[in-house]
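S.K.:
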Amino acid sequence: MNDQQLQARHQELREQYRQVSEQKLNLDLTRGKPSTEQLCQSDALDGILANDYLCADGSDSRNYGGIMGIPEARKFAAEYLETIPSRTMVGGNSSLQMMYQVVIGAHFHGVNGPESAWMAEASKTGSQVKFLCPAPGYDRHFSVCEALNIIMIPVTMTPEGPDMDQVEALVKADPMIKGIWCVPKYSNPDGVVYSAPVVARMAQLGKIAGANFRIMWDNAYAEHHLVDTPPTLANILELSEAAGTLDNVVVIGSTSKITHAGAGIAFIASSEANLASLADQLGISTIGPDKVNQLRHMRLLKDMDALRGLMQGHRRILQPKFESVLKALEAGLAEKSVNGQALGSWTKPQGGYFVLFDTQPGLADKVVKLTAAAGVKLTPAGSTYPYKNDPNDSNIRLAPSFPSVKDIEAAMRVFVLCVELATIEKALGL
Ligand SMILES: Cc1ncc(COP(=O)(O)O)c(C=O)c1O
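Just so we're aligned: the sequence shown equals residues 0 to 429 in numbering that gives the first Met the number 0.
#1: Under DSSP, the alpha helix (DSSP H) around Arg307 begins and ends at which residues?
#2: For the candidate residues Gly57, Ala76, Ser20, Arg61, whose alpha-carbon lies nearest to that of Leu300?
#3: DSSP on Thr422, reduced to helix/strand/coil?
#4: Contact check, Val366 vs Ala426 under 8 Å by CB: the rounded distance?
#5: Going by DSSP, name the residue or residues bridged to Thr469.
#6: Might you give, ordered along the chain, the residues of its own chain that have their beta carbon closer than 7 Å to the beta carbon of Val418, omitting 5 neighbours on each side?
#7: List the residues that DSSP assigns as beta-bridge partners of Lys376.
#8: Taking buried to mean at least 16 other C-beta atoms within 10 Å of its own C-beta, is Gly112 buried or exposed?
#9: Taking just the CA atoms, how far does Gly64 sit from Thr157?
#10: Applying the criterion that 16 or more other CB atoms from any shown protein chain within 10 Å of the CB defines a buried residue, is Cys39 buried or exposed?
#11: Secondary structure at Asn247, three-state DSSP: helix, strand or coil?
#12: Am I right that Ile264 and Val89 are in contact with their C-beta atoms under 8 Å? What's the rounded C-beta distance?
#13: Pull up the DSSP beta-bridge partners for Gly350, would you.
#14: Is the beta carbon of Ser394 less than 8 Å from the beta carbon of Ala371?
#15: Roughly how many angstroms separate the alpha carbons of Arg139 and Glu222, rounded to a whole number?
#16: For the segment 288-295 and the segment 304-316, state whether three or more C-beta atom pairs, one from each stretch, are separated by less than 8 Å.
#17: Tell me which residue opens and which closes the alpha helix (DSSP H) that Asn292 is part of.
#18: Give me the DSSP bridge partner(s) of Ala265.
#19: Could you tell me the boundaries of the alpha helix (DSSP H) in which Met118 lies?
#20: Kindly examine ligand 1 and report whether one of its heavy atoms sits closer than 7 Å to the Cβ of Leu131.
#21: Which residues bound the beta strand (DSSP E) around Ile103?
#22: Given 8 Å as the limit, is there contact between the segment 269-285 and the segment 53-61, that is, 3 or more CB pairs closer than that?
#23: Would you mind sorting Gln37 into buried or exposed? The rule is 16 or more other CB atoms within 10 Å of its CB.
#24: Closest to Ile179 by C-alpha separation, out of Ile316, Asp364, Glu21, Ile149, would be which residue?
#25: Buried or exposed, going by whether 16 or more other CB atoms sit within 10 Å of the CB of Arg396?
#26: Specify the secondary structure class of Arg61 as computed by DSSP and reduced to three states.
#27: In three-state DSSP terms, what is Ala151?
#28: What's the gap between the Cα of Thr285 and the Cα of Pro70?
#29: Using the C-alpha atoms, what's the distance from Lys123 back to Leu225?
#30: Out of Pro229, Phe266, Ala208, Ile251, point me to the one whose CA is closest to Thr244's CA.
#31: Note the first and the last residue of the continuous beta strand (DSSP E) segment covering Asn394.
#32: If you draw a straight line from the alpha carbon of Arg17 to that of Arg412, how long is it in whole angstroms?
#33: Taking C-alpha atoms, which residue in Asn25, Pro33, Gln10 lies nearest to Gly261?
#34: First and last residue of the alpha helix (DSSP H) that includes Ile207?
#35: Quick one: Cα of Ile407 to Cα of Ala398, how far?
Quick look at the structure:
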């Protein structure tokens, strides 16, 4: 388009934007939470125990204790996280809380006595604790670091996972890098599945990192597929055991997006020594997790086959929503360009909860503000980066799980309009 054509198109889009703004929409594509229909799939949890509170080992789930979780839930967690029950712990409703606890434990108390605390080492050496943050990533991981004043170092994400050359060089050069956040399958937000070579190199990191380094392997979307033949993820626990680095790996998962998001159960897998240390620290704040809920989950989920059946139900609900996002992007933006450049690019995830959209550089914040003013809430630009700083100002995370298809269609009409409008306004210097 020449300048005159751009001006004309701009007028058209401004008029469309004015009209849509008058509709006073109130739509939201921000957080990746399950829809009510998805939650309803697990409503049998309520009442499933029918007064039978006894666990497989004969203990009463209603009583105190059992900080590691009930035996049948640990067995289940072992299958889910691909390890053995003695290397699992099952907790309450939030894996995020368990991750926070792991980080706090290592930071303040030490994984191997007070001398091993990251903070103790930092004050002894006059340095600061640091974490690698593959970016874009999960904003709440970054909040954990921010809350503890842990310096975040962004690492480039590639289609195979974090750039391992960068990761290895950083870790080798600085022993105060004490961890890395990873969402290895259907990564939040870019949907990346870590390749086998990336996982194999991750498993070796403990050998070149400083003391008490931890890989936070948040496998939140392990079974959350949107395709018939899902990609596989190499088993980091097996690989790290073979490498002698099991202590460096903490694998995390939960049923939040399987059963009831706010009332599920969370799992952790690591070495027996790490779990014993975590149990000691957790024991300060609780006598044990909600074992009744763990038992309810085991009666509902039964085994991995049953869980996968339930996940097919989720897929049936989620797939049309993802399709509606992709269809709108394709129809609204795929064929268009401004100044010889596409209006954006986007992921086509094989699983997980997000579509990641990239605007031309410098436009994400403007697009999010334009859509907000027209009644469509999007995750704030920058949220997917440490310190909310997207260096290109181009990433926008779209989360279509909660709204209805009809609402997604309406929201996406506004979104594509705002992307084109913002891009043309930049090209015109407006
Ligand atoms: C990567 C990732 N980890 C963890 C969570 C939260 O999990 P939980 O509900 O078990 O705390 C989310 C939720 O969106 C997530 O995207």
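Ideal placement from N, C-alpha and C gives every residue a C-beta, glycine not left out.
M.R.: Short version:
#1: Within the sequence shown, the letter at position 308 stands for residue 307. That run of the alpha helix (DSSP H) goes 303-332.
#2: For this step, residue 300 is matched to residue 301 along the sequence shown. The candidate whose alpha carbon is nearest that of Leu300 is Ala76.
#3: To locate residue 422, count along the sequence shown from 1; it is residue 423. Three-state result, Thr422: helix.
#4: Counting from 1 along the sequence shown, the entry for residue 366 is found at position 367. Counting from 1 along the sequence shown, the entry for residue 426 is found at position 427. That belief does not hold up - the Cβ atoms of Val366 and Ala426 are roughly 14 Å apart, past 8 Å.
#5: As displayed, the chain neither begins before 0 nor continues past 429, which places residue 469 out of reach and without an answer.
#6: Counted from its first residue, the sequence shown places residue 418 at position 419. Within the same chain, Val418 has close Cβ partners Leu332, Leu342, Gly343, Thr358, Val366.
#7: Taking the first residue of the sequence shown as 1, we reach residue 376 at position 377. Note: Lys376 sits in a beta bridge opposite Asp27.
#8: The sequence position of residue 112 within the sequence shown is 113, counting from 1. Classification for Gly112: exposed.
#9: Start at 1 with the first residue of the sequence shown, and residue 157 comes out as number 158. Start at 1 with the first residue of the sequence shown, and residue 64 comes out as number 65. Whole-angstrom Cα-Cα distance: 44 Å.
#10: Here residue 39 corresponds to residue number 40 of the sequence shown, with the count starting at 1. The residue is exposed, with fewer than 16 neighbouring Cβ atoms inside 10 Å.
#11: Position 248 of the sequence shown holds residue 247. Of the three classes helix, strand and coil, the one that applies to Asn247 here is helix, per DSSP.
#12: As a working mapping, residue 264 is identified with position 265 in the sequence shown. As a working mapping, residue 89 is identified with position 90 in the sequence shown. About 6 Å separates the two Cβ atoms, so the contact holds.
#13: Against the sequence shown, residue 350 aligns to sequence position 351. Gly350 pairs with His224.
#14: Locating residue 394 in the sequence shown gives position 395, counting from the first residue. Locating residue 371 in the sequence shown gives position 372, counting from the first residue. The question names Ser, yet the displayed sequence has Asn at residue 394. The answer is no: Cβ separation not under 8 Å.
#15: Taking the first residue of the sequence shown as position 1, residue 139 is located at position 140. Taking the first residue of the sequence shown as position 1, residue 222 is located at position 223. One C-alpha to the other measures close to 21 Å.
#16: no
#17: In the sequence shown, residue 292 corresponds to position 293, counting from 1. 290-300 is the extent of the alpha helix (DSSP H) around Asn292.
#18: Within the sequence shown, residue 265 is the residue found at index 266, counting from 1. Answer is Ser253, bridged to Ala265.
#19: By 1-based counting over the sequence shown, the position of residue 118 is 119. Start and end: 117-124.
#20: The sequence position of residue 131 within the sequence shown is 132, counting from 1. No, ligand 1 has no heavy atom inside 7 Å of this Cβ.
#21: Within the sequence shown, the letter at position 104 stands for residue 103. Boundaries for Ile103: no beta strand (DSSP E) harbours it, while the alpha helix (DSSP H) harbouring it runs 94-103, taken from the DSSP string.
#22: no
#23: As a first step, residue 37 is located in the sequence shown; it is residue number 38 there, counting from the start. Flag for Gln37 reads buried.
#24: Here residue 179 corresponds to residue number 180 of the sequence shown, with the count starting at 1. Of the listed residues, the one whose Cα sits closest to Ile179 is Ile149.
#25: Counted from its first residue, the sequence shown places residue 396 at position 397. Buried, because 16 or more other Cβ atoms sit within 10 Å of the Cβ of Arg396.
#26: Within the sequence shown, residue 61 is the residue found at index 62, counting from 1. Here Arg61 sits in coil by DSSP.
#27: If you number the sequence shown from 1, residue 151 lands on position 152. The amino acid at residue 151 is misidentified as Ala; the sequence shows Met. DSSP places Met151 in strand when its eight states are reduced to three.
#28: Position 286 of the sequence shown, counted from the start, is the residue given in the question as residue 285. Position 71 of the sequence shown, counted from the start, is the residue given in the question as residue 70. Taking the straight line joining both Cα atoms gives about 19 Å.
#29: Counted from its first residue, the sequence shown places residue 225 at position 226. Counted from its first residue, the sequence shown places residue 123 at position 124. The straight-line gap from Cα to Cα measures roughly 49 Å.
#30: Position 245 of the sequence shown holds residue 244. Measuring from the Cα of Thr244, the nearest candidate turns out to be Ala208.
#31: In the sequence shown, the residue the question calls residue 394 occupies position 395. In the DSSP assignment, Asn394 falls within the unbroken beta strand (DSSP E) covering 394-397.
#32: Within the sequence shown, numbered from 1, the residue matching residue 17 stands at position 18. Within the sequence shown, numbered from 1, the residue matching residue 412 stands at position 413. Arg17 and Arg412: Cα-Cα distance of roughly 13 Å.
#33: Within the sequence shown, residue 261 is the residue found at index 262, counting from 1. The option with the nearest alpha carbon to Gly261 is Pro33.
#34: Position 208 of the sequence shown, counted from the first residue, corresponds to residue 207. Counting along the chain, the alpha helix (DSSP H) containing Ile207 begins and ends at 195-207.
#35: As a first step, residue 407 is located in the sequence shown; it is residue number 408 there, counting from the start. As a first step, residue 398 is located in the sequence shown; it is residue number 399 there, counting from the start. Distance between the alpha carbons of Ile407 and Ala398: 10 Å.
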